[in-house]
Amino acid sequence: MVPSHPGRRSRGVASRASRPSRRTPAAGPRAAESEADPTRLEPVLTSEGRALLDELGDVSGQDPLAVSTRLRALGHSADVVAAVLTQAGLRARARAKLGEDAAGLLLTRDGLEQATRPVVARVHAQRLREAGARRVADLGCGLGLDSLAFARAGLEVTAVEKDPTVAAAAAANLAAHAGAHVETGDAVAWAGEHLAEPAPGEAVWLDPARRRIGGGGTARVFDPEAFSPPLSFVEALAARGCTVGVKLGPGIPHEALSPEAEAQWVSVDGDVTEAVLWFGAARRPGVRRAALALDTRGGQVCSAELVSAEPPGGSPAVSAVGEEGMAGLVGHLLLEPDGAVIRAGLVTDLAVGLGPEVRLLDEHLAYLTAPEVPAHPLARRYRVLAVQDLNLKALKRWAAETGVGRLDVKKRGVALAPEQVRARVLGSGRSRGGRHATLVLARVGEGRYALEVEPLDDGGAR
Ligand SMILES: C[S@@+](CC[C@H](N)C(=O)[O-])C[C@H]1O[C@@H](n2cnc3c(N)ncnc32)[C@H](O)[C@@H]1O
Numbered sequence: 164m165v166p167s168h169p170g171r172r173s174r175g176v177a178s179r180a181s182r183p184s185r186r187t188p189a190a191g192p193r194a195a196e197s198e199a200d201p202t203r204l205e206p207v208l209t210s211e212g213r214a215l216l217d218e219l220g221d222v223s224g225q226d227p228l229a230v231s232t233r234l235r236a237l238g239h240s241a242d243v244v245a246a247v248l249t250q251a252g253l254r255a256r257a258r259a260k261l262g263e264d265a266a267g268l269l270l271t272r273d274g275l276e277q278a279t280r281p282v283v284a285r286v287h288a289q290r291l292r293e294a295g296a297r298r299v300a301d302l303g304c305g306l307g308l309d310s311l312a313f314a315r316a317g318l319e320v321t322a323v324e325k326d327p328t329v330a331a332a333a334a335a336n337l338a339a340h341a342g343a344h345v346e347t348g349d350a351v352a353w354a355g356e357h358l359a360e361p362a363p364g365e366a367v368w369l370d371p372a373r374r375r376i377g378g379g380g381t382a383r384v385f386d387p388e389a390f391s392p393p394l395s396f397v398e399a400l401a402a403r404g405c406t407v408g409v410k411l412g413p414g415i416p417h418e419a420l421s422p423e424a425e426a427q428w429v430s431v432d433g434d435v436t437e438a439v440l441w442f443g444a445a446r447r448p449g450v451r452r453a454a455l456a457l458d459t460r461g462g463q464v465c466s467a468e469l470v471s472a473e474p475p476g477g478s479p480a481v482s483a484v485g486e487e488g489m490a491g492l493v494g495h496l497l498l499e500p501d502g503a504v505i506r507a508g509l510v511t512d513l514a515v516g517l518g519p520e521v522r523l524l525d526e527h528l529a530y531l532t533a534p535e536v537p538a539h540p541l542a543r544r545y546r547v548l549a550v551q552d553l554n555l556k557a558l559k560r561w562a563a564e565t566g567v568g569r570l571d572v573k574k575r576g577v578a579l580a581p582e583q584v585r586a587r588v589l590g591s592g593r594s595r596g597g598r599h600a601t602l603v604l605a606r607v608g609e610g611r612y613a614l615e616v617e618p619l620d621d622g623g624a625r
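Here the sequence shown is numbered in the numbering used here, starting from 164 and rising by one per residue.
(1) Give me, in chain order, the residues of the same chain whose beta-carbon lies closer than 6 Å to that of residue 319; leave out the 5 immediate sequence neighbours on both sides.
(2) Ligand 1 heavy atoms versus the CB of residue 279: any closer than 8 Å?
(3) Pull the bridge partners of residue 324 from the DSSP assignment, please.
(4) Which residues share a DSSP beta bridge with residue 471?
(5) Using the C-alpha atoms, what's the distance from residue 493 back to residue 569?
(6) Please determine, among 484, 580 and 376, the residue with the shortest C-alpha to C-alpha distance to residue 533.
(7) For residue 610, which residues in the same chain have their Cβ closer than 6 Å to its Cβ, ignoring the five residues on either side in sequence?
(8) Leaving out five residues before and five after residue 360 in sequence, what residues of the same chain have Cβ atoms less than 6 Å from its Cβ?
(9) Along the alpha helix (DSSP H) that carries residue 287, what are the first and last residues, could you check?
(10) Could you tell me which whole beta strand (DSSP E) segments of length 3 or greater appear in the segment 571 to 611?
(11) Quick check: does the Cβ of residue 384 come within less than 8 Å of any heavy atom belonging to ligand 1?
(12) Quick one: what's got a C-beta closer than 6 Å to residue 467's C-beta in the same chain, skipping five residues either side?
(13) In terms of alpha-carbon separation, which member of 313, 567, 552 and 588 lies closest to residue 607?
(14) Decide if residue 465 is buried, meaning its Cβ has at least 16 other Cβ atoms within 10 Å, or exposed.
(15) Is residue 153 near ligand 1, judged by its Cβ being under 8 Å from some heavy atom?
(16) What is the DSSP secondary structure of residue 277, reduced to helix, strand or coil?
(17) At what residues does the beta strand (DSSP E) containing residue 430 begin and finish?
(18) For the beta strand (DSSP E) containing residue 409, list its first residue and its last residue.
(19) May I have the straight-line CA-CA distance separating residue 572 from residue 432, to the nearest angstrom?
(20) Buried or exposed, going by whether 16 or more other CB atoms sit within 10 Å of the CB of residue 627?
(21) Work out the CA separation of residue 574 and residue 587 for me, nearest whole Å.
(22) Cβ of residue 544 within 8 Å of any heavy atom in ligand 1?
(23) With DSSP run on the structure shown, which of helix, strand or coil describes residue 383?
(24) In angstroms, rounded to a whole number, what distance separates the CA positions of residue 230 and residue 337?
(25) Could you say which of 218, 357, 262 and 544 lies nearest to residue 322 if we only look at CA atoms?
(26) Compute the Euclidean distance between the alpha carbons of residue 454 and residue 280, then round it to the nearest angstrom.
(27) Just confirm the distance between the C-beta atoms of residue 369 and residue 333, as a whole number of angstroms; I'd bet it's less than 8 Å.
(28) So who's on the other strand from residue 637, going by DSSP bridges?
(29) Can you give me the start and stop residues for the alpha helix (DSSP H) that residue 250 sits inside?
(30) Nearest-angstrom Cα distance between residue 415 and residue 506?
(31) For residue 522, which residues does DSSP report across the bridge?
(32) Could you tell me the alpha carbon to alpha carbon distance between residue 222 and residue 253, rounded to whole angstroms?
(33) Could you tell me which of 581, 580 and 589 sits nearest to residue 564, measuring between CA atoms?
(34) Are the segment 471 to 479 and the segment 500 to 520 touching by the rule of at least three beta carbon pairs closer than 8 Å?
(35) With DSSP run on the structure shown, which of helix, strand or coil describes residue 618?
(36) Does the beta-carbon of residue 405, which I'm using as the reference point, lie nearer than 8 Å to any heavy atom of ligand 1?
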């Protein structure tokens, strides 16, 4: 249960949270919608708004106008109703990403997009604990999903957020945890005041904003110095001797990685969600790069990790099949490494770990091949059924002759959109039913090939 006076411990937040909701005279729902700003969070920070939200539950299958009319008829103001319906909608949307947590959180659209998945945040919290942390400063906490995991792991948390509305939501989201509090303010200033000297048992976590707001929307930023706070600020904290973890986008260029950090890429159910740089006590000795795959599809979390002591570019050389070996692939396996392995640049490390017969398809592609290897959590296996030159007309004939009605298309190094290929190859046969085939399109050497493959591992990486 989340208390109805969120953020009591944060003065800036508490004053907002306790402000009474603006009551407007009862009016019809149309008038209500035109008066109220549904993105305002303040109405759900009041005890009335919060209680209504928690009572309302899931209304995603219901007509919003009918729900609004019903709530207005009960005497709730237009802005409370608008905000509650917005929150209910966000909670429904959040379920896929945040799981059961979604039902109890206050959310904003941007905050939800940027929030760390609980399954990943739990792993990060565990690492900080194992590094000896007892307290964590979450600098730029957003809605507080990382802080929530830290608090649940038994760490004391100070969460700092510059946006007062987001800070209020974070305070509400953390209100059930006595050891966590939210401060509204600038992370850089906060660090200047509190982190001049690293204290034993203290760690710092950052998930810098990687979007710029403006022009009526948000745009991703890719320059680490344009992040807020910037990566150089994080590195300066690490240079002071702080134990630091910083979450970055998985596409962070390897050249931007500090040699002082361990870089860990994380995937969830096959999708790469982030890269984290770990400094100080949170960095594992002898690990420079790591790929961690979390798989939740079996109802519990399975994890598998590949690590390397070598910096980017330091992975082992592995031979490639190349064009001359393509015809001999029929009957062999094609292996698709997990995205975290690919982002971490650990494809050939994986190949070496899988066995001496594992080769690259092409030296520039993240596909491996072998006569046979057992299932592995960091690679999805396909049996190669046929290999032909990539020619859309020939593929169309092949699809008609072999009764293909459903087609999955994967590609590497080929500038064709899978959707386009599917439409061209299936043509009008798309609606007729038929067998389900999978094609892998790949540039190997100077040639472009289409491999018909059979997936051996259901779901994703496993
Ligand atoms: C990516 S979000 C954090 C998401 C969070 N880790 C979660 O899982 O919910 C980054 C947050 O940092 C905040 N932020 C950016 N620069 C900041 C600064 N200098 N001081 C405090 N907060 C900052 C932004 O307002 C944003 O809410």
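C-beta: ideal position from N, C-alpha, C; glycine also.
Considering the structure as presented:
(1) 298 and 342
(2) yes
(3) 347
(4) 452
(5) 22 Å
(6) 484
(7) 486
(8) none
(9) 281 to 293
(10) 598 to 607
(11) no
(12) 456, 540 and 541
(13) 552
(14) exposed
(15) With the chain represented from 164 up to 625, any question about residue 153 goes unanswered, as that position is not in the structure.
(16) helix
(17) 425 to 431
(18) 406 to 411
(19) 19 Å
(20) Residue numbering for the chain in the displayed model covers 164 to 625; residue 627 lies beyond these limits and cannot be assessed.
(21) 15 Å
(22) no
(23) strand
(24) 29 Å
(25) 357
(26) 17 Å
(27) No, residue 369 and residue 333 are not in contact; Cβ-Cβ is about 15 Å, not under 8 Å.
(28) Nothing about residue 637 can be reported from this structure: the residues present for the chain run from 164 to 625 only.
(29) 241 to 261
(30) 9 Å
(31) 532
(32) 11 Å
(33) 589
(34) yes
(35) strand
(36) no
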